[in-house]
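Q: Got a structure for you, written out below as structure tokens; questions coming shortly.
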Ligand SMILES: Cc1cc2nc3c(=O)[nH]c(=O)nc-3n(C[C@H](O)[C@H](O)[C@H](O)COP(=O)(O)OP(=O)(O)OC[C@H]3O[C@@H](n4cnc5c(N)ncnc54)[C@H](O)[C@@H]3O)c2cc1C
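In the numbering used here, the protein residues as written are 112 to 584.
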């Protein structure tokens, strides 16, 4: 159905009845704003004066019940629904590619409960993550989820693509922090997960909705576990002769101790980003390491980590550069430090086991470097006992002027990088999600197992209205 004139006004009045007249709009400015997120292509497209994908209605529900009402209207008229949090996602996941209803969650921003006895916090999901963290810190707690987008992402956005913060190696990904969630299904029913995050009472619903990127429902409320601030947090830095020795040492370190941060930079990123942001001048493979907790335990872990790093030829740089890295953890993304238009860039983040991660680094570098004038820089962060994430980036300083040509080249570089990772045992994303950016590669990655996701999607969203064209669904 095409929504024009008389009909668009009929639907608008139903939406206004559901959420209030003042919470339904669609100004020209809003249409442009909601057509751009942190996906390079969407920004390049708009910067060149092209029309971004636009919704017909921007709807701002104030409660779970209002979300449910909107979903029922959308199903009746078969109108696409696009959940939107902070619009800080890098995968084009929030872009309204099929138009329809843009469901902006940010009015649902209430803190519902902070239980200091239980060490839990419950809130609505439209809240900005920094606001939640500030609230917890006032009571002596932290979420220990500190992504670099803390000030611009919502709790719902972080849950929807299963995000991660810089302290993840000790405290886990967001899926390690969730105890309970409330979700509005695409057909408008309100459901809750069971009251504990791990059980053997059938398949667990929490991981089904975490990382589903608004394709299977809208996460409206969440309960998280909380952690007390550590007694001590100590930062260190090392320089390895090359990335290979760095990978070997980091693997040994994460199996022996529990750092909160461990980041290994390749030689190219050490002499570019690390030099620029923290003023470190030497060549080699820079690594920063943070240990935290009770003083005595931290001291013992420091001794082990330093010894292991040195066994692999690392030069210990003391605490200064580790502290500088931590202080500048967000500065890395500020204008002047981060890549920006007119440069073309992309983050080929991949997660893999220790067995495969270095192979993937070399394979992606080889494939991406085949494109003329394309630079490749890389670091590995978010370490697990079993593997880690590789955050490689390609950069092209002078991309084609023509936006359509630039779009095709961007996708060709991505295809080459991602296919190199997949061929070597990588999984195409650790925490940024799939969105529109990588949607076309999901079937290739999952193979016959994609059927399971497709059946879930069909069952939960029979009219196919939730976040169309994303995540390969
Ligand atoms: C400078 C910068 C640094 C970043 N650093 C990190 C980092 O350290 N760690 C990290 O994990 N990410 C990082 N990101 C990526 C991004 O910010 C995250 O993906 C973020 O959590 C997205 O949240 P958002 O509220 O902006 O979501 P949006 O961009 O608005 O939406 C992202 C996806 O989630 C869906 N969605 C949003 N809310 C809901 C909901 N309530 N229910 C269901 N689906 C929903 C949308 O439809 C979309 O598919 C960074 C981004 C930037 C710009």
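We treat Cβ as the ideally placed atom computed from N, Cα and C, and that holds for glycine.
On a CA-only basis, which of 466, 154, 524 is nearest residue 486? Give me that one, please.
A: Here the question's residue 486 lines up with position 375 in the chain shown. Closest by alpha carbon: 524.
Q: Give me whichever residues DSSP pairs with residue 224 in a beta bridge.
A: For the purposes of this step, residue 224 is taken as the residue at position 113 of the chain shown. Bridge partners of residue 224: 233.
Q: For the region 431-442 against the region 452-468, do three or more pairs of beta-carbon atoms, one drawn from each stretch, fall closer than 8 angstroms, so that the two count as touching?
A: No, they do not touch.
Q: Answer yes or no: do residue 225 and residue 250 have a C-beta to C-beta separation smaller than 8 angstroms?
A: Taking the chain shown and counting its residues from 1, one reaches residue 225 at position 114. Taking the chain shown and counting its residues from 1, one reaches residue 250 at position 139. Yes, they are a contact pair.
Q: How about residue 198 and residue 148: do their beta carbons lie closer than 8 angstroms?
A: Indexing the chain shown from 1 puts residue 198 at position 87. Indexing the chain shown from 1 puts residue 148 at position 37. Yes, Cβ-Cβ distance for residue 198 and residue 148 is below 8 angstroms.
Q: Between residue 296 and residue 304, is the Cβ-Cβ spacing less than 8 angstroms?
A: Indexing the chain shown from 1 puts residue 296 at position 185. Indexing the chain shown from 1 puts residue 304 at position 193. No, they are not a contact pair.
Q: What I want to know is whether the C-beta of residue 263 ends up closer than 7 angstroms to one or more non-hydrogen atoms of ligand 1.
A: Your numbering for residue 263 matches position 152 in the chain shown. Result yes, Cβ under 7 angstroms from ligand 1.
Q: Between the region 153-161 and the region 533-544, can you find at least three pairs of beta-carbon atoms closer than 8 angstroms?
A: Contact between the region 533-544 and the region 153-161 is absent, because fewer than three Cβ pairs lie under 8 angstroms.
Q: Considering only their Cβ atoms, is the gap separating residue 489 from residue 500 smaller than 8 angstroms?
A: Indexing the chain shown from 1 puts residue 500 at position 389. Indexing the chain shown from 1 puts residue 489 at position 378. No, the pair does not count as a contact, with Cβ atoms beyond the cut-off.
Q: Please identify the residue among 308, 128, 344 whose C-alpha is closest to the C-alpha of residue 177.
A: Counting from one through the chain shown, the residue named residue 177 turns up at place 66. Checking every option, the nearest Cα to that of residue 177 belongs to 128.
Q: Is residue 521 buried or exposed, if buried means 16 or more other CB atoms sit within 10 Å of its CB?
A: Looking up residue 521 in the chain shown gives position 410. When all chains shown are included, residue 521 counts as buried.
Q: When the Cα atoms are used, what is the spatial distance from residue 548 to residue 187?
A: The sequence position of residue 548 within the chain shown is 437, counting from 1. The sequence position of residue 187 within the chain shown is 76, counting from 1. Using only the alpha carbons, I get a separation of about 29 angstroms.
Q: Where do the N-terminal and C-terminal ends of the beta strand (DSSP E) with residue 346 fall, by residue?
A: One-based indexing of the chain shown puts residue 346 at position 235. Per DSSP, residue 346 belongs to the beta strand (DSSP E) from 343-351.
Q: On the three-state DSSP scale, how would you describe residue 550?
A: On the chain shown, residue 550 is found 439 positions in, with the first residue counted as 1. Residue 550: helix per DSSP, three-state reduction.
Q: Rounded to a whole number of angstroms, what is the C-alpha to C-alpha distance between residue 275 and residue 282?
A: Reading the chain shown from its first residue, position 164 is the one you call residue 275. Reading the chain shown from its first residue, position 171 is the one you call residue 282. Near 10 angstroms, if we compare the C-alpha coordinates of residue 282 and residue 275.
Q: Grab the span of the beta strand (DSSP E) containing residue 463 for me, first residue to last.
A: Residue numbering aside, residue 463 sits at position 352 when the chain shown is read from its first letter. Where residue 463 is concerned, the enclosing beta strand (DSSP E) stretches over 455-464.
Q: Determine the DSSP secondary structure at residue 261, reduced to helix, strand or coil.
A: For the purposes of this step, residue 261 is taken as the residue at position 150 of the chain shown. In this structure, residue 261 counts as coil in the three-state DSSP scheme.
Q: Per DSSP, what kind of secondary structure is residue 279 in: helix, strand or coil?
A: Along the chain shown, one-based indexing puts residue 279 at 168. It is helical.
Q: Which residue marks the beginning of the beta strand (DSSP E) containing residue 188, and which one marks its end?
A: The residue labelled residue 188 in the question sits at position 77 within the chain shown. Not the beta strand (DSSP E): residue 188 falls in the alpha helix (DSSP H), residues 175-188.
Q: Quick one: does the C-beta of residue 325 sit closer than 7 angstroms to a heavy atom of ligand 2?
A: Among the ligands modelled here, namely ligand 1, ligand 2 does not occur.
Q: Do you know offhand how far residue 145's Cα is from residue 152's?
A: The residue labelled residue 145 in the question sits at position 34 within the chain shown. The residue labelled residue 152 in the question sits at position 41 within the chain shown. C-alpha separation (whole angstroms): 14 angstroms.
Q: Between the alpha carbons of residue 550 and residue 162, how many angstroms are there, rounded?
A: Stepping through the chain shown from its first residue, residue 550 is reached at position 439. Stepping through the chain shown from its first residue, residue 162 is reached at position 51. Residue 550 and residue 162: Cα-Cα distance of roughly 22 angstroms.
Q: Mapping the DSSP letters down to three states, classify residue 639 as helix, strand or coil.
A: The question about residue 639 has no answer, for the chain in this structure spans 112 to 584.
Q: Name the residue from 213, 184, 248, 202 whose alpha carbon lies nearest to the alpha carbon of residue 64.
A: Outside the shown range of the chain, which is 112 to 584, sits residue 64, and nothing can be said about it.
Q: Under three-state DSSP, which class holds residue 311?
A: In the chain shown, counting from the first residue as 1, residue 311 sits at position 200. Coil.
Q: So what's residue 529 in DSSP terms, helix, strand or just coil?
A: Here the question's residue 529 lines up with position 418 in the chain shown. Looking at residue 529 - three-state DSSP - the assignment turns out to be helix.
Q: Kindly list the residues whose CB is nearer than 6 angstroms to the CB of residue 465, restricted to its own chain and excluding five residues on each side of it in sequence; keep chain order.
A: As a first step, residue 465 must be located in the chain shown, where it is residue number 354. If we look at residue 465 and ignore the five residues flanking it on each side, its Cβ neighbours are 362, 498.
Q: Which one or two residues does DSSP pair with residue 199 in a beta bridge?
A: Taking the first residue of the chain shown as 1, we reach residue 199 at position 88. None; residue 199 has no bridge partner.
Q: Beta-carbon separation of residue 216 and residue 194 under 8 angstroms?
A: The residue labelled residue 216 in the question sits at position 105 within the chain shown. The residue labelled residue 194 in the question sits at position 83 within the chain shown. Yes.
Q: Taking only the alpha-carbon atoms, compute the straight-line gap between residue 345 and residue 426 and give it to the nearest angstrom.
A: Translated into the one-based positions of the chain shown, residue 345 becomes position 234. Translated into the one-based positions of the chain shown, residue 426 becomes position 315. Using only the alpha carbons, I get a separation of about 18 angstroms.
Q: Does the beta carbon of residue 216 fall short of 7 angstroms from some heavy atom of ligand 1?
A: Numbered from 1 along the chain shown, position 105 holds the residue referred to as residue 216. Because some heavy atom of ligand 1 lies under 7 angstroms away, the Cβ of residue 216 counts as near it: yes.
Q: How about residue 199: is its C-beta nearer than 8 angstroms to some C-beta of chain B?
A: No chain B appears in the structure shown, which is made up of a single protein chain.
Q: Measure the alpha-carbon distance for residue 326 versus residue 298 and round it to whole angstroms.
A: Stepping through the chain shown from its first residue, residue 326 is reached at position 215. Stepping through the chain shown from its first residue, residue 298 is reached at position 187. Taking the straight line from one Cα to the other gives about 12 angstroms.
Q: What three-state label does DSSP hand residue 513 in the structure shown?
A: Here residue 513 is taken as the residue at index 402 of the chain shown, counted from 1. Coil, per DSSP.
Q: Classify residue 133 as buried or exposed, calling it buried when 16 or more other Cβ atoms lie within 10 Å of its own Cβ.
A: Numbered from 1 along the chain shown, position 22 holds the residue referred to as residue 133. So residue 133 counts as exposed.
Q: Within the same chain, show all residues whose beta-carbon is closer than 7 angstroms to that of residue 119, passing over the 5 residues directly before and after it, in chain order.
A: Sequence index remark: in the chain shown, residue 119 carries index 8 (1-based). Only 167 meet the Cβ criterion.
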